[in-house]
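Trainee:
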Amino acid sequence: MLKVSDLSVHYGVIQAINKINFDVHEGEIVSLIGANGAGKSTILKAITGLHRSSQGEILFKNQAIQKATTKKIVEAGISLVPEGRHVFSGMTVLENLELGAYLRKDKAEIKKDLEHIYDRFPVLAERKKQDTATLSGGEQQMVAMGRAMMSRPKLLLLDEPSMGLAPIFIKEIFNIIEAINQQGTTVLLIEQNAKAALSIADRGYVLETGKVVLTGTGKELLASDEVQKAYLGG
1 MLKVSDLSVH YGVIQAINKI NFDVHEGEIV SLIGANGAGK STILKAITGL HRSSQGEILF
61 KNQAIQKATT KKIVEAGISL VPEGRHVFSG MTVLENLELG AYLRKDKAEI KKDLEHIYDR
121 FPVLAERKKQ DTATLSGGEQ QMVAMGRAMM SRPKLLLLDE PSMGLAPIFI KEIFNIIEAI
181 NQQGTTVLLI EQNAKAALSI ADRGYVLETG KVVLTGTGKE LLASDEVQKA YLGG
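Here is the structure:
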């Protein structure tokens, strides 16, 4: 579904990503793990057109998208849940969710999808008229995930979904990611919580300073001595 080949990204003269290669097959959960500064978020920005790559190719469903606009990328079926959630304060939960469907015209289907979101996140139904700024971090993450799902993505990109959340919310968020995947959405997950990310991943890639240094199934990476020592306190 997604194939990234020889991807390099620069911020001025600084190279954040150095000729990275990876792919995501339809129906998978793929996790990219690594320390701060490894380049994880930069990869998602390049995929979604938020930051242009300086080299390489990004194929989505066999179509090159590295030069496409973010709007075209969303229309193609990719949606991003950004790091830090970035919900719109001063707007209600409902208004935030509706923004996720801004490219869609099928009002009846949008209404159905809203109900699906409320079924998955009952607390959002209770607070749909509430300003998102007044929600907890976990509830804001649910809004961000629901907003992304409102575009009906084929590929959902998640950037550090557990960041800053209480343990009870972290477990819930990862359960929700698995449920979204089981219902047919392919997932690319960027996450510092390596144990949680690899526990639900079909496959994973380990990044260090802009390069892929290790790859394998989620189980293989969880059992890896290198991953244990670097990310799991082993």
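Here the sequence shown stands for residues 1 to 234, numbered as in my numbering.
Glycine included, every Cβ here is placed at the ideal spot set by N, Cα and C.
Given the structure is predicted, the values throughout are model-derived calculations rather than measurements.
#1: Gln182 by DSSP, collapsed to three states: which one?
#2: Could you tell me the distance, in whole angstroms, from the CA atom of Leu222 to the CA atom of Gln228?
#3: Return the Cβ separation of Ala179 and Val30 in integer angstroms, given the expectation that the two are a contact with Cβ distance under 8 Å.
#4: Does the distance from the C-beta atom of Lys45 to that of Ile190 stay below 8 Å?
#5: What's the gap between the Cα of Asn18 and the Cα of Val9?
#6: With 16 other CB atoms within 10 Å as the buried threshold, where does Ala166 fall?
#7: With a threshold of 6 Å on Cβ separation, who are the neighbours of Lys154 within its own chain once the five nearest residues in sequence on each side are excluded?
#8: Our contact map puts Leu156 next to Ser79 with C-beta atoms below 8 Å; I'd like the distance itself, whole angstroms only.
#9: What's the call for Leu66, buried or exposed, on a 16-neighbour Cβ count within 10 Å?
#10: CB-CB under 8 Å to Asn36, same chain, minus the five flanking residues each way: which ones, in chain order?
#11: Can you look up Met211 in the DSSP assignment and give me helix, strand or coil?
#12: Of the residues Thr48, Leu97, Met91, which one's Cα is nearest the Cα of Val74?
#13: With a Cβ-Cβ cutoff of 8 Å, do Ala64 and Gly210 count as a contact?
#14: Using 8 Å for Cβ pairs, my map puts Gly138 next to Phe169. What's the rounded Cβ distance?
#15: List, from N- to C-terminal side, the alpha helix (DSSP H) runs of 4 residues or more that fit wholly inside the segment 66 to 92.
#16: Are the beta-carbon atoms of Ala125 and Ser162 separated by less than 8 Å?
#17: Tell me, please, which residues DSSP counts as bridged to Asp131.
#18: Give me the Cβ distance between Met142 and Phe121, rounded to the nearest whole Å; I'm assuming they're in contact under 8 Å.
#19: Using DSSP with H/G/I as helix, E/B as strand and the rest coil, what is Val235?
#20: Might you give, ordered along the chain, the residues of its own chain that have their beta carbon closer than 6 Å to the beta carbon of Tyr231, omitting 5 neighbours on each side?
#21: With a Cβ-Cβ cutoff of 8 Å, do Asp131 and Ser199 count as a contact?
#22: Quick one: what does DSSP say Ala38 is sitting in, helix, strand or coil?
#23: Just mark Glu226 as buried or exposed, buried being the case when its beta carbon has 16 or more other beta carbons within 10 Å.
Mentor: Let me spell this out:
#1: Stepping through the sequence shown from its first residue, residue 182 is reached at position 182. In this structure, Gln182 counts as helix in the three-state DSSP scheme.
#2: Taking the sequence shown and counting its residues from 1, the one referred to as residue 222 is at position 222. Taking the sequence shown and counting its residues from 1, the one referred to as residue 228 is at position 228. Cα to Cα, Leu222 sits roughly 7 Å from Gln228.
#3: For the purposes of this step, residue 179 is identified with residue 179 of the sequence shown, where counting begins at 1. For the purposes of this step, residue 30 is identified with residue 30 of the sequence shown, where counting begins at 1. Contact doesn't hold; Cβ gap of about 17 Å is too wide.
#4: Here residue 45 refers to the residue found at position 45 of the sequence shown. Here residue 190 refers to the residue found at position 190 of the sequence shown. Not a contact, by the Cβ cut-off of 8 Å.
#5: Within the sequence shown, the letter at position 18 stands for residue 18. Within the sequence shown, the letter at position 9 stands for residue 9. Looking at the backbone, the Cα of Asn18 and that of Val9 are separated by about 7 Å.
#6: To locate residue 166, count along the sequence shown from 1; it is residue 166. Exposed.
#7: Counting from one through the sequence shown, the residue named residue 154 turns up at place 154. Once the five neighbours on either side are set aside, the close Cβ partners of Lys154 are Gly77.
#8: Here the question's residue 156 lines up with position 156 in the sequence shown. Here the question's residue 79 lines up with position 79 in the sequence shown. Their Cβ separation, rounded to whole angstroms, is 6 Å, which keeps Leu156 and Ser79 in contact under 8 Å.
#9: Within the sequence shown, numbered from 1, the residue matching residue 66 stands at position 66. The amino acid occupying residue 66 in the given sequence is Gln; Leu does not appear at that position. Under the 10 Å beta carbon count, Gln66 is surrounded by 16 or more other beta carbons and is classified as buried.
#10: Within the sequence shown, residue 36 is the residue found at index 36, counting from 1. So the qualifying residues of the chain are Gln192.
#11: Working through the sequence shown from its first residue, we reach residue 211 at position 211. A small correction: the amino acid at residue 211 is Lys; Met does not occupy that position in the sequence shown. When DSSP states are grouped into helix, strand and coil, Lys211 belongs to the strand group.
#12: Within the sequence shown, residue 74 is the residue found at index 74, counting from 1. The candidate whose alpha carbon is nearest that of Val74 is Thr48.
#13: Here residue 64 refers to the residue found at position 64 of the sequence shown. Here residue 210 refers to the residue found at position 210 of the sequence shown. No.
#14: Start at 1 with the first residue of the sequence shown, and residue 138 comes out as number 138. Start at 1 with the first residue of the sequence shown, and residue 169 comes out as number 169. Between Gly138 and Phe169 a beta carbon distance of about 3 Å is seen, short of the 8 Å cut, so the two are scored as contacting.
#15: List check, alpha helix (DSSP H) in window: 70 to 76.
#16: For this step, residue 125 is matched to residue 125 along the sequence shown. For this step, residue 162 is matched to residue 162 along the sequence shown. Result no, Cβ atoms of Ala125 and Ser162 do not sit closer than 8 Å.
#17: For the purposes of this step, residue 131 is taken as residue 131 along the sequence shown, with counting starting at 1. As a beta-bridge residue in DSSP terms, Asp131 pairs with Thr92.
#18: Here residue 142 corresponds to residue number 142 of the sequence shown, with the count starting at 1. Here residue 121 corresponds to residue number 121 of the sequence shown, with the count starting at 1. For Met142 against Phe121, the beta-carbon gap comes to about 4 Å, under 8 Å, which counts as contact.
#19: Lying before the first or after the last residue shown, residue 235 is absent from the chain, which here runs from 1 to 234.
#20: Taking the sequence shown and counting its residues from 1, the one referred to as residue 231 is at position 231. The beta carbon of Tyr231 sits closer than 6 Å to the beta carbons of Ala194 from its chain, once the five residues preceding and following it are set aside; these are given in chain order.
#21: Walking along the sequence shown from the start, residue 131 turns up at place 131. Walking along the sequence shown from the start, residue 199 turns up at place 199. Their beta carbons are not under 8 Å apart, which means Asp131 does not touch Ser199 by this criterion.
#22: Working through the sequence shown from its first residue, we reach residue 38 at position 38. Ala38: coil per DSSP, three-state reduction.
#23: Against the sequence shown, residue 226 aligns to sequence position 226. The Cβ neighbour count for Glu226, taken over all protein chains shown within 10 Å, is under 16; the residue is labelled exposed.
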